[in-house]
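Just so you know, the protein sequences line up as chains A and G, in that order.
Mind the numbering: the first sequence is residues 54 to 273 in our numbering, read in order.
Mind the numbering: the second sequence is residues 2 to 281 in our numbering, read in order.
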Amino acid sequence: MIEDLLFAIIIVVAWSIVYKDNPLYQALENILIGLTLGISLYEGLISLNSRLFIPIFVNGKWLSGSTIALIFGLLMFTRFFSGTKQISRLPIALMSGVGTAIAVKGAIGPMIIQQISVGRIFGVDFWTGFNNFLMILATLTTMSYFLFTFTHTGFLKYPARIGRFSMMMSFAVSLAGMVHFITADMTGFSIVLTTYPGYYILALAIVMIAASVVIERSKN
Amino acid sequence: MKKGKKGFTLTAQQQDWAVGIGLIIVSLFAVILKIGLPIVIEQPVKDFYNIIEDMPDKSVLLWASDTGVTGKFYQMPTDMAIYNHLLDQIREHDIKLIIVNNGIGPLGVPMIKYYFEKLNWEGLTYGEDYVWLGWIPGMESTLAGLADDIWKIAPTDFYGTSIEEIPMMKDIKSAENIDYMIFSSGTNIDPYIRQWAGKVDKMMAVFGIPTLPQAMPYIERGMIDAYLTPLQLTAEYEKISGRTGLGVAFVDSNSLIILYSIFVVIVSNIIYIVKGRHNR
């Protein structure tokens with residue numbers, strides 16, 4: 054019950070920014086940042102404990118990847134000392150290099166070779182063929198839009214324009230998805246505020262806002 | 002609000018205030034009203050459901066997730082709908098489930114703890130039916146490591162138990178021993194495709210609606226066998242699996258909120274056009 058009450062209070066305080074900026078909202082902002090960092094630190098320490106401390110110091114696995122990870126992790130802290138901060142580039146370089154290599158290795162098949170193959174336009178049902186045609190058109194025209202070596206006049210004028218339109222539609226779909234993301238949270242929070250004990254907090258918030266509006270009007 | 006020659010005008014801040022308050026009121030009423038819009042089950046949901054429903058006995062499923070508590074109301078209903086179905090299958094068909102968080106940050110850990118607390122794990126034994134390898138930072142490196150050698154990348158589970166001591170992990174060493182994969186991504190799905198496409202019998206994806214355009218090429222090429230997104234598809238999944246929950250509850254109110262958003266866009270554009278003509 055305390056948890057639900059706190060959750061409702063946090064939602065109402067967060068939404069209070071819609072009315073106007075206030076000290077409660079500012080405090081909540083700082084609490085949110087602090088809590089996020091706190092949880093990250095806590096879970097990070099637990100992860101280090103299970104992945105480094107226990108394998109190395111409890112299970113005695115000194116000759117393992119965990120030891121190398123521990124050494125490189127500790128090398129990162131050399132950044133804080135002016136005489137040794139160059140050493141911290143070693144783990145950063147290792148992470149960048151390994152990360153890039155892993156990504157490139159896996160990219161060739163799924164992201165390049167597979168994507169080059171195009172579905173048929175004819176000999177399939179109408180909508181599949183139409184979709185495949187649209188994909189080819191959008192891909193080629195979008196690529197033509199990015200040919201900045203040539204001005205978008207003459208033979209490039211209309212393909213570049215279609216490419217720009219294709220990109221705009223794609224961004225609009227992504228934006229619509231973002232709106233969905235936000236509305237899902239709105240719905241979830243609304244459920245909290247319209248069930249026990251959230252509706253008490255909601256009622257209290259409405260009274261407080263109404264009082265604030267009346268007080269401000271009387272001042273003006 | 003200022004009284005001008007022709008009625009009241011609102012400042013920009015007051016307009017924002019009005020739209021925001023309107024959104025809050027609509028979302029509150031949308032939750033209270035419970036319209037009960039019809040839910041029609043689409044093919045992607047059937048595909049996802051059928052893959053889980055038809056898993057052979059003793060299959061091994063890896064669920065890798067990079068989502069966190071920041072998307073609680075967005076992704077959580079989807080995850081819970083799948084878990085509810087999956088746990089029944091684990092009980093009936095002795096399926097082994099491996100859960101791992103591979104996000105950039107550890108904010109997915111509280112979500113798994115929440116699922117362990119709220120879902121019905123009765124009849125299942127930790128270490129024999131399911132295991133949680135915890136948060137392994139590294140995102141794509143983690144995925145590559147899991148495909149290559151699970152024991153090396155995850156020497157212990159979340160609770161610190163050595164992987165050698167976990168009974169179900171005895172014969173599960175790499176992607177070769179894993180039959181199915183579900184991945185929940187709140188960011189970028191490319192790493193999952195790069196590292197795991199073609200390595201398991203079936204790959205299922207759970208991602209947000211903004212990610213769907215990015216995922217379509219992989220879905221069309223067959224690299225993703227089934228997918229679910231929050232809200233609509235989750236509601237359909239709950240309906241098809243016979244366990245309605247947050248997904249169904251969200252769909253009605255979301256539809257009203259979206260309608261309100263469209264209404265605001267249309268009205269504001271009309272006002273803009275009318276004001277423009279008036280000023281000319």
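Each residue gets a CB set at the ideal place from its N, CA and C atoms; glycine is no exception.
State the start and end residues of the unbroken alpha helix (DSSP H) segment that holds residue i.
i      : result
A:F179 : F179 to Y198
G:G135 : Here G:G135 belongs to no alpha helix (DSSP H); instead the beta strand (DSSP E) covers Y131 to W136.
G:F251 : L247 to N280
G:Y238 : Q233 to I241
G:N51  : Q44 to E54
A:L116 : It is not in any alpha helix (DSSP H) - A:L116 carries neither H nor E in the DSSP assignment.
A:A263 : G251 to K272
G:L229 : Note, G:L229: premise wrong, no alpha helix (DSSP H); beta strand (DSSP E) at A227 to L229.
A:I64  : I55 to W68
G:G124 : Run containing G:G124: none; DSSP gives neither H nor E here.
A:G230 : K210 to L246
A:S135 : Where A:S135 is concerned, there is no enclosing alpha helix (DSSP H), given that its DSSP letter is neither H nor E.
G:K200 : Counting along the chain, G:K200 falls outside any alpha helix (DSSP H), and DSSP gives it neither H nor E.
G:Y75  : K73 to H94
A:G152 : R142 to A160
G:K153 : I151 to I154
G:M169 : Element bounds for G:M169: n/a, residue is neither H nor E.
Tell me where the beta strand (DSSP E) around residue i begins and ends.
i      : result
G:A65  : V61 to S66
G:M182 : Y181 to S186
G:I99  : K97 to N102
G:F208 : K203 to F208
Can a CB atom of chain A be found closer than 9 angstroms to the CB of residue i?
i      : result
G:K203 : no
G:M224 : yes
G:N255 : yes
G:G5   : With a pLDDT of 48 at G:G5, under the threshold of 50, the predicted position of this residue should be treated as unreliable, though the coordinate-derived value follows. No, because no Cβ of chain A sits closer than 9 angstroms to the Cβ of G:G5.
G:P107 : yes
G:S66  : no
G:P156 : yes
G:Q44  : no
G:L38  : no
G:D80  : no
G:W136 : yes
G:A176 : no
So is residue i in contact with chain G if we call contact Cβ pairs under 9 angstroms?
i      : result
A:T194 : no
A:N112 : yes
A:Y72  : yes
A:F183 : no
A:I268 : no
A:N83  : no
Evaluate residue i with the Cβ neighbour count: other Cβ atoms within 10 Å of its Cβ, from every protein chain shown; 16 or more gives buried, anything less gives exposed.
i      : result
A:N83  : exposed
G:Q196 : buried
G:E43  : exposed
G:E166 : exposed
G:G5   : Any reading at G:G5 must be qualified, since the residue scores a pLDDT of 48, below 50, and its modelled position is unreliable; the value itself is stated next. Counting Cβ neighbours within 10 Å, G:G5 comes out exposed, since fewer than 16 surround it.
G:M2   : With a pLDDT of only 49 at G:M2, under the threshold of 50, the placement of this residue in the model should not be trusted, and no figure is reported.
G:A19  : exposed
A:W180 : exposed
A:A61  : buried
A:Q139 : exposed
G:T143 : buried
A:Y249 : exposed
G:M67  : Sequence inspection shows Asp at residue 67 of chain G; the Met mentioned does not correspond to that position. Buried, since its Cβ has 16 or more Cβ neighbours within 10 Å.
G:D17  : exposed
A:G113 : exposed
A:E96  : buried
A:R104 : buried
A:L257 : exposed
Which same chain residues end up closer than 7 angstroms to residue i when comparing Cβ atoms and leaving out the 5 residues on each side of it in sequence?
i      : result
G:M56  : Q90, H94, I96 and Y181
G:Q233 : V252
A:T195 : G216, S219 and M220
G:D202 : D180 and Y181
A:N185 : V171, G172, R173 and I174
A:G182 : R173, I174 and F175
Excluding five sequence neighbours on each side, which residues of the same chain lie with their C-beta closer than 8 angstroms to the C-beta of residue i?
i      : result
G:G124 : R92
G:F30  : L257
G:K153 : G146
A:M239 : none
A:T89  : none
G:I52  : Y181, K203, M205, D226 and A227
Excluding the five sequence neighbours on either side, which residues of its own chain have a C-beta within less than 6 angstroms of the C-beta of residue i, listed in chain order?
i      : result
A:I254 : A61, I62 and V65
G:L108 : G69 and V70
A:Y198 : A213, G216 and R217
A:P144 : F125, L128 and M129
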